[in-house]
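Undergrad: Numbering (this note's numbering), first residue to last: 24 to 95.
Beta carbons are placed, not taken as given, at the ideal position from N, Cα and C, and that holds for glycine.
The model shown is predicted, which means the values in this text are computed figures rather than measured ones.
(1) Give a yes or no on whether the C-beta atoms belonging to residue 65 and residue 72 are separated by under 7 Å.
(2) Which stretch, first to last residue, makes up the alpha helix (DSSP H) that contains residue 68?
(3) Do you know how far the Cα of residue 92 is from the Cα of residue 76?
(4) Identify, in the order they occur along the chain, each residue of the same chain with its Cβ nearer than 7 Å to the Cβ of residue 61, setting aside the five sequence neighbours on each side.
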């Protein structure tokens, strides 16, 4: 058998996926791994977390520039 024919026969091998459904047993699907009661409070916490996380590098850069005297 030639090398080309061998590779062609390997390409024709199919993978069967019969019955690969798994159940995690958690009941309903939730998008967050914890439970929250009030959506407004949760939204406020998420937004404040993201704003603080986004502003930390800018505050650190401003501090370093002020410390070195380069941001006059």
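TA: Taking the coordinates as given:
(1) Residue mapping note: residue 65 aligns to position 42 of the chain shown, counting from 1. Residue mapping note: residue 72 aligns to position 49 of the chain shown, counting from 1. No, the Cβ-Cβ distance between residue 65 and residue 72 is not below 7 Å.
(2) Sequence index remark: in the chain shown, residue 68 carries index 45 (1-based). Run containing residue 68: 62-91, per the alpha helix (DSSP H) assignment.
(3) Position 53 of the chain shown, counted from the first residue, corresponds to residue 76. Position 69 of the chain shown, counted from the first residue, corresponds to residue 92. Distance between the alpha carbons of residue 76 and residue 92: 25 Å.
(4) Here residue 61 refers to the residue found at position 38 of the chain shown. Excluding positions up to five away in sequence, the list is empty.
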